[in-house]
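Student: Numbering (my numbering), first residue to last: 3 to 284.
For every residue, glycine included, the Cβ atom is placed at its ideal position computed from N, Cα and C.
All values derive from a computational prediction rather than experimental measurement.
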Amino acid sequence: MAGSPTARRRRLSIELKKLREKSSLTCAQVGEALDWSGSKVNRMETGSGRVQPSDIDALCRFYGTTDELREFLRSLARQAKMRGWWQVHGTGVPEWFNIYIGLEQDATTFRQYQCELIPGLMQTEPYACELHKAGGHMAAEDIDRAVRVRMERQAMLARPDAPDAWFIVSEGALRHVIGDRGVMRAQLERVLETAGLPAVTLQVLPFDSGTCPVTGSFTMLGFPAPEDPDIVYRDGITDAVYLEGEHHVREYTRAFDGLRAAALSPQRSAGLIESIVKEYAK
Numbered sequence: 003m004a005g006s007p008t009a010r011r012r013r014l015s016i017e018l019k020k021l022r023e024k025s026s027l028t029c030a031q032v033g034e035a036l037d038w039s040g041s042k043v044n045r046m047e048t049g050s051g052r053v054q055p056s057d058i059d060a061l062c063r064f065y066g067t068t069d070e071l072r073e074f075l076r077s078l079a080r081q082a083k084m085r086g087w088w089q090v091h092g093t094g095v096p097e098w099f100n101i102y103i104g105l106e107q108d109a110t111t112f113r114q115y116q117c118e119l120i121p122g123l124m125q126t127e128p129y130a131c132e133l134h135k136a137g138g139h140m141a142a143e144d145i146d147r148a149v150r151v152r153m154e155r156q157a158m159l160a161r162p163d164a165p166d167a168w169f170i171v172s173e174g175a176l177r178h179v180i181g182d183r184g185v186m187r188a189q190l191e192r193v194l195e196t197a198g199l200p201a202v203t204l205q206v207l208p209f210d211s212g213t214c215p216v217t218g219s220f221t222m223l224g225f226p227a228p229e230d231p232d233i234v235y236r237d238g239i240t241d242a243v244y245l246e247g248e249h250h251v252r253e254y255t256r257a258f259d260g261l262r263a264a265a266l267s268p269q270r271s272a273g274l275i276e277s278i279v280k281e282y283a284k
């Protein structure tokens, strides 16, 4: 079973939806039978509402599950209420991003394409701080919290059980000066350092790579249990989109494979980054 509260909440939602669909019932029908609203059942199945152990008992009696499954679901419901380490930073991490961090912590495969910025898991503190300041809407203490969370997240790439992480970064992200040339030199040196970790693969998509099959940055997360489907994540300024359907995952996987084929090899990518580092040193 996945470890973070977010992953447990997601797994609980998946299991509850499977039970209902196996019974060939709608959310409204289940809600009516239990004297609930159909929207309450829907919130349980989408992870947007709290699920109490008493709710699990009522659903399991209605669906006629085994005692073992009921206890498993009760355990998921209890553990989903726990707080992740990143949530202690409060307003430094928006709610929609809390969800992503919880999923990221339990991923076993990580695929990310960045077309404008250095990936967050490779950023230095000065680079990340400049990005958050540019938004102009965060208080100084919230910026400090947000940067601290970003730095702590990076530890996942060096864990003994680190996810298989593959990054593709546009050449434009390497040449887009954030802060000043000194910040960028140190930032690209960090990129090279991170790319040297055993679990990390890095490719650069050069300017002359031709037409690419995507129109923006995205991340794909894979999980160890077959019950936990892969997720495609795309974020914006105020919210994020999570795509779980087979069609979405298949098409983004195809796009990522196309980017890998168009990008430079890891060795040539490192060479290009090293040459840009020298340019920033002048």
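Identify whether residue 137 lies in helix, strand or coil by the three-state DSSP scheme.
Tutor: By 1-based counting over the sequence shown, the position of residue 137 is 135. Looking at residue 137 - three-state DSSP - the assignment turns out to be helix.
Student: If you follow the alpha helix (DSSP H) that residue 48 is part of, which residue opens it and which one closes it?
Tutor: Here the question's residue 48 lines up with position 46 in the sequence shown. 40-48 is the span of the alpha helix (DSSP H), which, as asked, contains residue 48.
Student: Between 283, 147, 142, 199, which has its C-alpha nearest residue 163's C-alpha?
Tutor: Sequence index remark: in the sequence shown, residue 163 carries index 161 (1-based). Checking every option, the nearest Cα to that of residue 163 belongs to 199.
Student: With residue 189 as the anchor, note down where its beta strand (DSSP E) starts and where it stops.
Tutor: The residue labelled residue 189 in the question sits at position 187 within the sequence shown. Careful: residue 189 lies outside any beta strand (DSSP E), inside the alpha helix (DSSP H) at 183-197.
Student: Alpha carbons only, please: which of 154, 135, 137 is nearest the one belonging to residue 124?
Tutor: Against the sequence shown, residue 124 aligns to sequence position 122. Comparing Cα positions, the closest option is 154.
Student: For residue 272 versus residue 194, is the C-beta distance shorter than 9 Å?
Tutor: Numbered from its first residue, the sequence shown carries residue 272 at position 270. Numbered from its first residue, the sequence shown carries residue 194 at position 192. Against a cut-off of 9 Å, the Cβ pair of residue 194 and residue 272 comes out as a contact.
Student: With a 10 Å radius around its C-beta and 16 neighbouring C-beta atoms as the bar for buried, classify residue 280 as buried or exposed.
Tutor: Here residue 280 corresponds to residue number 278 of the sequence shown, with the count starting at 1. Residue 280 is exposed by the Cβ-count criterion.
Student: Name the one or two DSSP bridge partners that residue 116 has.
Tutor: On the sequence shown, position 114 is the one that residue 116 refers to. For residue 116, which the question treats as bridged, DSSP gives the partners 171.
Student: Give me the Cβ distance between residue 172 and residue 133, rounded to the nearest whole Å; I'm assuming they're in contact under 8 Å.
Tutor: Taking the first residue of the sequence shown as 1, we reach residue 172 at position 170. Taking the first residue of the sequence shown as 1, we reach residue 133 at position 131. The Cβ separation is near 16 Å, so there is no contact.
Student: Buried or exposed: which applies to residue 25, given that a residue is buried once 16 or more other Cβ atoms fall within 10 Å of its Cβ?
Tutor: Sequence index remark: in the sequence shown, residue 25 carries index 23 (1-based). Flag for residue 25 reads exposed.
Student: Reducing DSSP to helix, strand and coil, say where residue 233 ends up.
Tutor: Your numbering for residue 233 matches position 231 in the sequence shown. DSSP places residue 233 in strand when its eight states are reduced to three.
Student: Return helix, strand or coil for residue 54, following the three-state DSSP convention.
Tutor: Position 52 of the sequence shown, counted from the first residue, corresponds to residue 54. Reduced to three states, the DSSP call for residue 54 is coil.
Student: Which two residues bound the contiguous beta strand (DSSP E) that contains residue 221?
Tutor: Here residue 221 refers to the residue found at position 219 of the sequence shown. That run of the beta strand (DSSP E) goes 220-224.
Student: Starting from residue 71 and walking both ways along the alpha helix (DSSP H), at which residues does that stretch end?
Tutor: Here the question's residue 71 lines up with position 69 in the sequence shown. From DSSP, the alpha helix (DSSP H) with residue 71 extends over 69-81.
Student: Less than 8 Å between the CB atoms is what I'm expecting for residue 278 and residue 190, so what's the real figure, rounded?
Tutor: Taking the sequence shown and counting its residues from 1, the one referred to as residue 278 is at position 276. Taking the sequence shown and counting its residues from 1, the one referred to as residue 190 is at position 188. Indeed they touch by this definition, with Cβ atoms about 6 Å apart.
Student: My output table needs one value for residue 164: the three-state DSSP class, helix, strand or coil.
Tutor: What you label residue 164 is simply residue 162 of the sequence shown in a count that begins at 1. Looking at residue 164 - three-state DSSP - the assignment turns out to be coil, as it is neither helix nor strand.
Student: Do you know whose CA, among 263, 170, 34, 230, lies nearest residue 248's CA?
Tutor: Locating residue 248 in the sequence shown gives position 246, where the first residue counts as 1. Checked all of 263, 170, 34, 230; the closest Cα to residue 248 is 230.
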